[in-house]
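Residue numbers (the UniProt record's numbering): 1 to 402.
A virtual CB, placed ideally from N, CA and C, is assigned to each residue, including glycine.
Written below as structure tokens is the structure these notes are about.
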């Protein structure tokens, strides 16, 4: 005859961690969970935004069933024109984010004294211009923010590229990296502000329009105006910078813009003239030290979004009827080292609305002129001032719904 377990043994067994897959290991379901699960196929990302703060039960259910990703990156429009005194240090202003396929606008507070430098997985990286100098990593949807120390001492500088390698929800893969002349600095964004590490990139020269920085996982790729490359794996035990001479000759007569884009683990180079009429696409072969020309079909079913610090390749299925090979370029007049000629950026000249992005297509290469269409956003005249627009990749981390 078996002896019944003692009360102490029964209590210890109840406190023991459940076996994986057991009923105790699964979260307890509420009635609302089943209701929201039935509605899940019909809930868009915009619905999650509109109802994110309904109640604790809603937030819990949304966390369990997951959230549909946004169908297409948003366009962050330039700062609104100031109608009163300039905002004070630390003040916020509402920035408009435009959903191009949906034709909807969203407004979220963003620090007024900061300029945009990068975007990744729902986070904006902003550089503060008021003292003390610092970076602000911000999710405008959830209002979560993190202040990161300034890596250039007390000296303000605008001559750098920046990239965030992953969402802050993935701390193992998340690095904030900046690149300037002959230097790469990086840190892990933390509540303590981050400790910066410096890597040497001999020979690299920063150029606003002709150099760029991109990450593939934790691997950084840095390119200068000669199309030469440097790379470093920030997650390595001792990161080292490797260099490749991948330069090649482009047709004369233009000062070509360069954009680095990550697509399915590959590094792509997009070369464009100032007006985005002539566009060339190349894929990196690091071992062969080559930029391999790609036809328009090489992009597959993708659409290219180009902009300094915010370039990406996205599926055409999410681009509201745009065909594969379409190229959307944000207007960034203040991020150019050469003058735009013959272009009107003002909303007050001839009653024309300011335009915020252009659309064209990948053609047969740099010798093929494409039709370029300027795109505007409906708004009241004078609502926006001339400034830079950026692609923003909205997301809500699983941890923001307690």
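Asked	Found
In the structure shown, what three-state DSSP assignment does residue 92 receive?	strand
Are there 16 or more other CB atoms within 10 angstroms of the CB of residue 248, so buried, or fewer, so exposed?	exposed
Among 231, 326, 239, which has the Cα closest to the Cα of residue 270?	326
Would the beta-carbon of residue 271 be found less than 7 Å away from any heavy atom of the ligand NAD?	Although the ligand NAD was asked about, the structure shown includes no ligands whatsoever.
Just checking, does the stretch 264–281 make contact with the stretch 170–188 on the three C-beta pairs under 8 Å criterion?	no
Comparing C-alpha positions only, which one of 209, 356, 195 sits nearest to residue 175?	195
Count the other CB atoms within 10 Å of the CB of residue 113; is the residue buried (16 or more) or exposed (fewer)?	buried
Among the candidates 221, 135, 140, 154, whose CA atom is the shortest distance from the CA of residue 147?	135
At what residues does the beta strand (DSSP E) containing residue 145 begin and finish?	144–149
Count the other CB atoms, across all protein chains shown, that sit within 10 Å of the CB of residue 421; report buried if there are 16 or more and exposed otherwise.	As displayed, the chain neither begins before 1 nor continues past 402, which places residue 421 out of reach and without an answer.
Are the beta-carbon atoms of residue 234 and residue 165 separated by less than 8 Å?	yes
Nearest-angstrom Cα distance between residue 315 and residue 252?	33 Å
Is the distance from the Cβ of residue 188 to the Cβ of residue 171 below 8 Å?	yes
Tell me residue 392's beta-bridge partners as DSSP assigns them.	74
Return the CA-CA distance between residue 366 and residue 289, expressed in angstroms with no decimal places.	21 Å
For residue 101 versus residue 393, is the C-beta spacing smaller than 8 Å?	no
Who are the near neighbours of residue 320 in its chain, counting only those whose CB is closer than 6 Å to its CB and skipping five residues on each side?	101
With a threshold of 8 Å on Cβ separation, who are the neighbours of residue 368 within its own chain once the five nearest residues in sequence on each side are excluded?	278
Give the DSSP bridge partners of residue 355, in chain order.	Note: residue 355 sits in no beta bridge, so no partner.
Going by C-alpha to C-alpha distance, which of 208, 203, 185, 206 sits closest to residue 197?	185
Kindly give me the distance between the Cβ atoms of residue 312 and residue 305, rounded to whole angstroms, as I take these residues to be in contact under 8 Å.	5 Å
Taking just the CA atoms, how far does residue 373 sit from residue 408?	Because the chain is modelled from 1 through 402, residue 408 falls outside the range shown and cannot be assessed.
Using C-beta distances below 6 Å, list every residue in its chain close to residue 266, excluding the 5 sequence neighbours before and after it, in chain order.	283
Looking at the secondary structure, which residues open and close the beta strand (DSSP E) in which residue 290 lies?	290–294
Report, in whole angstroms, the separation of the C-beta atoms of residue 108 and residue 95, which I expect to be a contact under 8 Å.	6 Å
For residue 388, count neighbouring Cβ atoms within 10 angstroms of its own Cβ and tell me buried if that reaches 16, exposed if not.	buried
Identify whether residue 264 lies in helix, strand or coil by the three-state DSSP scheme.	coil
To the nearest angstrom, how far is it from the Cα of residue 209 to the Cα of residue 257?	5 Å
Since residue 77 and residue 377 should fall inside the 8 Å C-beta cutoff, what is the C-beta to C-beta distance between them, to a whole number of angstroms?	7 Å
Counting C-beta neighbours from all protein chains within 10 Å, is the total for residue 222 16 or more, i.e. buried, or is it exposed?	buried
Apart from the five residues on each side of it in sequence, which residues of its chain come closer than 6 Å, Cβ to Cβ, to residue 244?	229, 289
Under three-state DSSP, which class holds residue 297?	helix
Taking the straight line between their C-alpha atoms, what separation do you get for residue 323 and residue 156?	43 Å
Check each candidate in 190, 357, 302 and name the one with the smallest Cα separation from residue 329.	357
Mind checking residue 15: buried by the 16 CB within 10 Å criterion, or exposed?	Interpretation of residue 15 is limited by its pLDDT of 47, a score under 50 that renders its predicted location unreliable; no figure is taken from the coordinates.
Can you tell me the Cα-Cα spacing of residue 207 and residue 35, whole angstroms?	54 Å
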